[in-house]
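Worksheet for the structure shown next.
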Amino acid sequence: MYRFTLPRDLYHGKDALSSLKNLSGKKAVVVVGGGSMKRFGFLDKAVDYLKEAGMEVKLIEGVEPDPSVETVMKGAAVMREFEPDWIVAMGGGSPIDAAKAMWVFYEYPNTTFEEIITPFSFPTLRTKAKFCAIPSTSGTATEVTAFSVITDYAKGIKYPLADFNITPDVAIVDPALAETMPAKLTAHTGMDAMTHAIEAYVSTLNCEYTDPLALHAIELIHDNLKKSYEGDMACRDKMHDAQCLAGMAFSNALLGIVHSMAHKTGAAFTGGHIIHGCANAMYLPKVIKYNSKDPVAAERYAKIAKFINLKGETTEELVDALIAELRSMNDQLNIPQGIKNYGPGGVKADESIIDEKEFLEKLPEVAKNAIADACTGSNPRQPNQEEMEKLLKACYYDTEIDF
């Protein structure tokens with residue numbers, strides 16, 4: 025038996041933000057990030073629409089990229105004092121993910137973070153509030169997923185929290201918000217979405233309901249990401265839909281070890297964070313080659329290649345064509361192919377901000393954590409410690425996968 029869960033309502037297209045005035049409640053808390061929603065006027069619009077709906081509104085601002093356990097707990101404390109019946113999160117994946125986790129500790133103050141790390145272990149939500157998510161980036165699709173990624177900086181580990189309880193009640197996918205993204209963010213979030221769709225399609229939990237969403241998302245991203253990166257707003261709007269479709273697929277089919285590796289390398293090194301979407305872009309071609317040793321996965325990668333009109337006579341040729349196409353996309357988007365060339369902000373550089381010696385010293389522990397990540401279980405091949413270390417080294421040095 026499978027389960028397929030999506031938000032109760034999804035508003036999309038131009039001016040979808042105005043659907044906030046249709047929500048019914050008394051109090052709404054709005055969770056936002058670093059200020060772009062305020063600068064571009066979207067926060068004020070959202071607040072005005074909520075007030076038009078008859079609600080008292082309180083803001084929780086300043087959620088950082090890669091939100092911390094501490095930020096989550098502080099936000100939950102604000103919610104407990106204000107007692108909203110709607111939690112509205114808007115911005116990139118970080119404020120929406122943080123708000124999802126805040127929701128748990130608002131409704132269940134005595135729950136600990138450690139208790140919700142285990143996938144699908146959340147208490148029943150909606151005892152106090154419903155949740156509305158409004159994305160401003162075209163990548164995480166957290167507005168339609170059962171996932172939230174929270175970082176424990178004391179341990180240097182990103183935790184993907186997973187439970188159908190945290191799938192939002194309402195998603196508002198308004199492309200006007202995504203049109204404000206800078207080019208680099210467009211590239212990273214776009215490749216994050218591509219990884220979501222590809223991993224969902226080859227996941228061991230794929231099904232008839234997730235496959236069409238994943239394939240159409242892959243096609244849209246392949247056709248529109250480069251132009252979106254260059255500033256074509258019609259393509260940017262298509263990307264906003266594409267990332268949402270990818271989210272619908274992976275929230276139900278789950279992901280694989282590209283995400284396991286990205287989660288566990290993201291905050292592990294003192295030189296700086298490896299941006300999540302950029303990590304996925306670097307690791308995806310390596311993982312495809314590794315997974316293609318599984319014949320079922322190889323056939324599914326080959327089908328993706330055919331679907332986007334890549335050339336190849338055999339399954340192996342089609343898999344290699346897909347890998348080459350993804351690497352070409354990275355080049356076009358100024359994304360490095362390996363951590364050794366990962367510069368500040370995730371662009372290609374002659375030297376990496378991630379020290380080689382530190383990487384190698386931490387490799388066994390990072391590999392162990394990646395294997396234990398919630399996304400590993402649905403990967404088509406289950407890596408052992410040796411294989412995961414070899415994969416991560418290949419991602420550092422950009423070397424071929426032959427195991």
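In my numbering, the protein residues as written are 25 to 427.
Idealized CB from N, CA, C, for every residue including glycine.
With distances taken between CB atoms, is the gap from residue i to residue j smaller than 7 angstroms?
i    : j    : result
H287 : K182 : yes
F331 : L239 : yes
G117 : T169 : no
S402 : T228 : yes
L43  : I196 : Correcting the residue identity first, residue 43 is Ser in this sequence and not Leu. Cβ atoms of S43 and I196: closer than 7 angstroms.
P192 : F137 : no
A5   : A326 : The requested residue 5 is not part of the displayed model; the chain covers only 25 to 427.
A207 : S162 : no
L308 : L350 : yes
K310 : I425 : yes
I245 : A273 : no
K69  : L47  : no
P119 : V87  : yes
P108 : K45  : no
V226 : R324 : yes
A157 : A113 : yes
V81  : V93  : no
Y26  : C231 : yes
So who's on the other strand from residue i, going by DSSP bridges?
i    : result
W110 : A52 and K154
P184 : V173
L83  : V54
V93  : V93 pairs with nothing; no bridge assigned.
P143 : Answer by DSSP bridge pairing: none, since P143 is not bridged.
H36  : V197
Y366 : K372
G255 : Its beta-bridge partners do not exist; DSSP assigns none.
P159 : G115
Relative to the C-alpha of residue i, which residue among the options is closest?
i    : options                   : result
V53  : Y420, A100 and W110       : W110
T166 : E341, K250, G369 and L269 : L269
P407 : M97, E385, I347 and Y314  : Y314
M126 : I222, F144, L149 and P143 : L149
F106 : I174, S92 and I84         : I84
M292 : K327, N393, G280 and Q267 : A quick correction: the sequence has Ala, not Met, at residue 292. A292 has its Cα closest to that of N393, out of K327, N393, G280 and Q267.
P91  : K124, K82, P108 and S60   : K124
G7   : P319, G290, K317 and K381 : Residue 7 lies beyond the range of the chain shown here (25 to 427); nothing can be said about it.
A200 : A266, S160, K381 and L357 : S160
Y421 : M412, Q361, I242 and R405 : Q361
L209 : V390, S172 and N358       : N358
P319 : D72, E340, V173 and E411  : E340
M306 : G296, G295 and M285       : M285
A321 : I222, K82 and A391        : I222
Would you kindly work out how many angstroms separate the C-alpha atoms of residue i and residue j, rounded to a whole number?
i    : j    : result
S145 : C399 : 15 angstroms
T219 : D397 : 17 angstroms
M97  : E131 : 12 angstroms
K38  : K262 : 12 angstroms
R63  : T95  : 22 angstroms
A186 : G180 : 19 angstroms
V55  : L279 : 27 angstroms
Y233 : F28  : 8 angstroms
Q356 : K386 : 31 angstroms
L67  : E139 : 33 angstroms
L346 : T423 : 17 angstroms
R32  : A418 : 42 angstroms
V390 : G78  : 49 angstroms
Y177 : I141 : 15 angstroms
Point to revise | Touching by the beta-carbon criterion (3+ pairs, under 8 angstroms), the region 204–215 and the region 294–302 | key: These segments touch.
Point to revise | Segment contact flag, the region 331–341 with the region 230–237, C-beta cutoff 8 angstroms, min 3 pairs | key: Using a Cβ-Cβ distance cut-off of 8 angstroms, the region 331–341 and the region 230–237 are not in contact, since fewer than three pairs of beta carbons, one from each stretch, lie closer than that value.
Exercise for review: Inspect the CB distances between the region 362–376 and the region 242–257 and report whether three or more fall short of 8 angstroms.
Suggested key: Because the criterion of three Cβ pairs below 8 angstroms is not met, the region 362–376 and the region 242–257 do not touch.
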